[in-house]
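Heads up: the structure comes next, in structure tokens.
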């Protein structure tokens, strides 16, 4: 281990640019090279009396801080109580026993490494008596029961790496040298060399021949006796370097290290990559490989323990299961999450060994692994979410988007792709600068619990008014759109099991099977429930699983980034999926159609993704796994699958020669364009207002092209947008959702909490639930934008049969902290808005907040600099003519500008390859959400602006009076295309008069244009 540590110390110190390397390791005095004494008695800093450096005592018995009894290592005291604290039930960490006397897990009985097994059986080959690796229970690296050997040498210095006094055992081999890597069932081990095997052969096996040829020194000698075998010179390893033909190097247990590296003289070697020299040292490669394997095994052991104990489950009825079920983590994201965890475990181990800061270690971690070529299952270094590790062959001539979003930007093919890190407008504010959540106030005190902030600031909205003009459909479009562009996966357990992070949720049986609390897991960040909580007492913990962390955009661990597992572009991925595999499960592969189920509903999902209240109910499947979260969302999914199929049939009628693939891709392209148009023309105008859209130049023209594409703009989703700002819609959600008949009569009869995962609301009455819910959405007023939220979200979210539940506001705040989002004030500064220095409404205070909100924030935050972005942004007054406040308006505007300007396939670009023709663009630009609803339900009348309720000039009209351009502009026959476009323009003008006298409806071409012309 000594050589491993030295090489790694040198390498990382060199990477960190510390000039002290040379001074530390080389005091060029009369004691010789490498601080060896004149009598050859010391190595690596031992003085003439062998009293040593790195903690060896006068008898040379201690290493790295071991006392005279050899009981402490890496900072363990005389009682071996360790550094980093003892483990979960005082059994030690990294396998220390109750007295903490082992290293990396070997206790007095040598019973474990990397943490004791569940029945103290050890790990890495040790049996129940610890007889496996590092010798049979006699210490690590060969130390005997008194811990007196160094690097395995016993009291007589005769053993190494676990050899006994006769030097006959190595790496766990028995006295006959018969085992390596752990002894077998009869303590005999496995296929090890016998005592006469020469060291040339051994080191060739262990170091792939990248070592000094010990065969030149002696074929049969062991390292414990080498000082007596070197021509009688009495040399020990400390002086061996001077016996090797004058080579400028040193033997470290058989490995050759170039002393020029150790001296920190890398920059003085012309034309040489210093980093490459360091990592090409074979000792480092072996060490990192071994530690990486240990890290992978550690993660697997933790997860399996919690799974077998029933902490992590596959059941679907609990609150935790519903939360995980509606926010599914995809398999690729699961693997990426495990890799991130392994890197963190490995990084923490290296930090302990090297005694360097986490930021310093993280800054070189990925480069170190990449350059060393560490290839361990569960720890891949060629990360395909970073540009430098991927080479995508893009088809620049394709008129269609890729399904995963890649190659949208031909220069940066990963921009906007699924499974890449979120981007940042501002650098994260992790407490440790690397990955740990933001939990500390500016004063150094802990921030108040997210649940306490929630019930104090985000109170019930039951007594608060509604938006005067906006309809509930506006909220629902916002969620539907969100599921097109953002999906943040959370960590999961074995085989995707649901993780629980609160001991309170466990049975006594489960608690007895685990040796650490769920709250202490690396993937948990539970929310403390305060004693005065009005709704969640007597509980003290709300489960919260951390988001998956990956290397950031620069492919570095510091600072860590979260993952977006779907495409960033507004491309209809919630309808079609974000991978070829997902898309294939949704296609009918017939005339370009998507699959449906009876009554033209969404197809059935074979996976458990909903709550079935009746035997005949089934879960819905869509391009996004959150489709069953609540039934108004599932309704919009249904509408757009119908819209796709309606247009595919129309295109098939116009172009009978088109095959299934052409019909599907052309229809998908039009659907994505319509969603973009509705978002920028109708939705954002209500959220941000016209002036803001004009300021950011994202207001679409009424007709014609408007090419704003800029290949230098990354459209990828920013973390603050996904994690906080675009969650503004949570305050707009009503407690009750109306379901109305064809005459728009009915009552609010679908409580939100009873809609979670309950597909019966749609399936009932032969699918009439879709029609009823749509009419309710366009009739009900939107809840007002403010700090208040429906109790259905803050007190009853995913409530199960025994009363367990969650709080959405608390989850949002905790998620922001988990992602290291900077505080509200920092975002104000970034947006060039006034920054608050005090809790007041006047100058220098929280100028965009009402007095009541300021009072509430003052009661849970010490200073305005501590306010969470979600809590502050949701408390602001709305901008004039819009819905959100100034801070969220700023963040939303920047993101939606990037989504437009950075999209090579944006619908109104004048591009011959990716775009539409002028007639096609104009046909798309007459699309309204109201007409889409009309065409795909039994609704006969609706207000023209469906994002507003019926009022003033926005009265209901017949669906026939709403414009829906025919798809004749897509006809391949130029005669049909020309005549059809001409007739469509005439028919559009005649819509007001409802006159069809001039049309010969016997001609099939006219029947394509409009229901009111020929279907009366």
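In my numbering, the protein residues as written are 480 to 1495. Heads up, the beta-carbon is just placed ideally off N, CA and C, and yes, glycines get one too. Fair warning: this is a prediction, and the values are worked out from it, not measured in the lab.
**Message:** Here's the rule: buried if 16 or more other CB atoms are within 10 angstroms of the residue's CB, otherwise exposed. What is residue 987?
**Reply:** By 1-based counting over the chain shown, the position of residue 987 is 508. With fewer than 16 other Cβ atoms from the protein chains shown falling within 10 Å of its own Cβ, residue 987 counts as exposed.
**Asked** Which residues mark the beginning and the end of the beta strand (DSSP E) in which residue 1041 is found?
**Response** The residue given as residue 1041 occupies position 562 in the chain shown. Where residue 1041 is concerned, the enclosing beta strand (DSSP E) stretches over 1040-1043.
**Asked** So what's residue 1028 in DSSP terms, helix, strand or just coil?
**Response** Residue numbering aside, residue 1028 sits at position 549 when the chain shown is read from its first letter. In this structure, residue 1028 counts as strand in the three-state DSSP scheme.
**Item:** DSSP bridge partner residues for residue 1275 (one or two, in chain order)
**Value:** Indexing the chain shown from 1 puts residue 1275 at position 796. Note: residue 1275 sits in no beta bridge, so no partner.
**Asked** Hey, out of 1051, 1392, 979 and 1202, whose CA is closest to residue 907's CA?
**Response** Residue 907 sits at position 428 when you count from the first residue of the chain shown. It is 1202 whose Cα lies nearest to the Cα of residue 907.
**Prompt:** Alpha carbon to alpha carbon, what distance is there between residue 1328 and residue 1338?
**Reply:** Here the question's residue 1338 lines up with position 859 in the chain shown. Here the question's residue 1328 lines up with position 849 in the chain shown. Their backbone Cα atoms lie some 15 angstroms apart in a straight line.
**Message:** What does the alpha-carbon distance come out to for the pair residue 959 and residue 1262?
**Reply:** Translated into the one-based positions of the chain shown, residue 959 becomes position 480. Translated into the one-based positions of the chain shown, residue 1262 becomes position 783. Their backbone Cα atoms lie some 17 angstroms apart in a straight line.
**Message:** Assess contact between the segment 1270-1283 and the segment 973-983, defined as three or more Cβ pairs (one per stretch) separated by less than 8 angstroms. Is contact present?
**Reply:** Segments in contact, no.
**Message:** Between the alpha carbons of residue 875 and residue 1105, how many angstroms are there, rounded?
**Reply:** Translated into the one-based positions of the chain shown, residue 875 becomes position 396. Translated into the one-based positions of the chain shown, residue 1105 becomes position 626. Going by the C-alpha atoms only, they are around 33 angstroms apart.
**Prompt:** Is it right to say residue 1422 is buried, meaning 16 or more other beta carbons lie within 10 angstroms of its own, or is it exposed?
**Reply:** Here residue 1422 refers to the residue found at position 943 of the chain shown. When all chains shown are included, residue 1422 counts as buried.
**Asked** When the Cα atoms are used, what is the spatial distance from residue 992 to residue 982?
**Response** If you number the chain shown from 1, residue 992 lands on position 513. If you number the chain shown from 1, residue 982 lands on position 503. Approximately 12 angstroms between the Cα atoms of the pair.
**Request:** Rounded to whole angstroms, what's the CA-CA distance from residue 531 to residue 913? Just pull it up for me.
**Result:** By 1-based counting over the chain shown, the position of residue 531 is 52. By 1-based counting over the chain shown, the position of residue 913 is 434. Confidence at residue 531 is low in this model, with a pLDDT of 37, below 50, so the placement of that residue should be treated as unreliable; the coordinate-derived value is given next. The alpha-carbon atoms of residue 531 and residue 913 are separated by roughly 36 angstroms.
**Asked** Got a sec, what are the start and stop residues for the alpha helix (DSSP H) residue 1249 sits in?
**Response** On the chain shown, position 770 is the one that residue 1249 refers to. Where residue 1249 is concerned, the enclosing alpha helix (DSSP H) stretches over 1248-1258.
**Outcome for residue 1016 when other beta-carbon atoms lying within 10 angstroms are tallied against a minimum of 16** = The residue given as residue 1016 occupies position 537 in the chain shown. Classification of residue 1016: exposed, given that the 10 Å Cβ count is below 16.
**Request:** Tell me, please, whether the segment 1118-1129 touches the segment 1030-1037 by the rule of three or more beta-carbon pairs shorter than 8 angstroms.
**Result:** Verdict: no, contact absent.
**Prompt:** residue 1022 and residue 1005 look like a contact to me (Cβ under 8 angstroms); what is the Cβ gap, rounded to whole Å?
**Reply:** Against the chain shown, residue 1022 aligns to sequence position 543. Against the chain shown, residue 1005 aligns to sequence position 526. Contact flag correct, Cβ pair sits at about 6 angstroms.
**Asked** Using a Cβ-Cβ cut-off of 6 angstroms (strictly less than) and excluding sequence neighbours within five positions of residue 807, which residues of its own chain qualify?
**Response** In the chain shown, residue 807 corresponds to position 328, counting from 1. The beta carbon of residue 807 lies closer than 6 angstroms to those of 1104 in the same chain, with the five residues before and after it left out.
**Prompt:** Looking only at its own chain, which residues have a Cβ that is under 6 angstroms from the Cβ of residue 920, when we skip the five neighbours before and after it?
**Reply:** The residue given as residue 920 occupies position 441 in the chain shown. Hits under 6 angstroms: 926, 1341 and 1345.
**Span separating the alpha-carbon of residue 741 from that of residue 812** = Counted from its first residue, the chain shown places residue 741 at position 262. Counted from its first residue, the chain shown places residue 812 at position 333. Because residue 741 carries a pLDDT of 28, less than 50, the predicted location of this residue cannot be relied on, and the following value inherits that uncertainty. It is roughly 40 angstroms from the alpha-carbon of residue 741 to the alpha-carbon of residue 812.
**Message:** Just list the residues that DSSP pairs residue 1420 with in beta bridges.
**Reply:** Indexing the chain shown from 1 puts residue 1420 at position 941. Looking at the DSSP assignment, residue 1420 forms a beta bridge with 1437.
**Collapsed DSSP secondary structure at residue 1228 in the structure displayed** = For the purposes of this step, residue 1228 is taken as residue 749 along the chain shown, with counting starting at 1. Note: residue 1228 maps to strand in three-state DSSP.
**Message:** Please classify residue 922 as buried or exposed, where buried requires at least 16 neighbouring CB atoms within 10 angstroms.
**Reply:** Numbered from its first residue, the chain shown carries residue 922 at position 443. By the 10 Å Cβ count, residue 922 comes out exposed.
**Request:** Give me whichever residues DSSP pairs with residue 1262 in a beta bridge.
**Result:** If you number the chain shown from 1, residue 1262 lands on position 783. Beta-bridge analysis with DSSP links residue 1262 to 945.
**Message:** Can you tell me whether residue 1226 sits near the ligand HEM, meaning its C-beta is under 7 angstroms from at least one heavy atom of the ligand?
**Reply:** This structure does not include the ligand HEM; it has no bound ligands of any sort.
**Request:** Express the C-alpha separation of residue 1212 and residue 1253 in angstroms, rounding to a whole number.
**Result:** Taking the first residue of the chain shown as 1, we reach residue 1253 at position 774. Taking the first residue of the chain shown as 1, we reach residue 1212 at position 733. Spanning the two alpha carbons is a distance of roughly 15 angstroms.
**Prompt:** Taking only runs of the alpha helix (DSSP H) that begin and end inside the segment 1027-1100, which ones reach a length of at least 4 residues, in chain order?
**Reply:** If you keep only unbroken alpha helix (DSSP H) runs of at least 4 residues inside the segment 1027-1100, you get 1052-1055 and 1059-1065.
**Asked** Taking contact to mean at least 3 C-beta pairs separated by less than 8 angstroms, is the segment 1369-1377 in contact with the segment 1412-1419?
**Response** With a cut-off of 8 angstroms, the segment 1412-1419 and the segment 1369-1377 do not count as touching, because too few Cβ pairs lie within range.
**Prompt:** Do you know whose CA, among 1186, 1458, 1388 and 1214, lies nearest residue 1446's CA?
**Reply:** Residue mapping note: residue 1446 aligns to position 967 of the chain shown, counting from 1. Of the candidates 1186, 1458, 1388 and 1214, the one whose C-alpha sits nearest the C-alpha of residue 1446 is 1458.
**Asked** Does the distance from the CB of residue 1234 to the CB of residue 1216 come in under 8 angstroms?
**Response** Against the chain shown, residue 1234 aligns to sequence position 755. Against the chain shown, residue 1216 aligns to sequence position 737. Contact flag set, yes.
**Prompt:** Leaving out five residues before and five after residue 1072 in sequence, what residues of the same chain have Cβ atoms less than 7 angstroms from its Cβ?
**Reply:** To locate residue 1072, count along the chain shown from 1; it is residue 593. Result list for residue 1072: 1124 and 1127, in chain order.
**Prompt:** From which residue to which residue does the alpha helix (DSSP H) around residue 1376 run?
**Reply:** For this step, residue 1376 is matched to residue 897 along the chain shown. Following the DSSP letters along the chain, one finds residue 1376 inside the alpha helix (DSSP H) bounded by residues 1365-1380.
**Request:** Check whether the Cβ atoms of residue 1386 and residue 1194 lie closer than 8 angstroms to each other.
**Result:** For the purposes of this step, residue 1386 is taken as residue 907 along the chain shown, with counting starting at 1. For the purposes of this step, residue 1194 is taken as residue 715 along the chain shown, with counting starting at 1. No.
**Asked** Quick one: what does DSSP say residue 1413 is sitting in, helix, strand or coil?
**Response** The residue given as residue 1413 occupies position 934 in the chain shown. For residue 1413, the secondary structure class from DSSP, reduced to helix, strand or coil, is helix.
**Item:** DSSP three-state assignment for residue 899, whether helix, strand or coil
**Value:** Numbered from 1 along the chain shown, position 420 holds the residue referred to as residue 899. Looking at residue 899 - three-state DSSP - the assignment turns out to be strand.
**Prompt:** Run through DSSP, which three-state label would residue 1320 get?
**Reply:** The residue given as residue 1320 occupies position 841 in the chain shown. In the structure shown, residue 1320 sits in coil (DSSP, three-state: anything other than H, G, I, E or B).
**the segment 1376-1384 touching the segment 1178-1196, judged by at least three CB pairs closer than 8 angstroms** = Taking 8 angstroms as the limit for Cβ pairs, the verdict is that the segment 1178-1196 does touch the segment 1376-1384.
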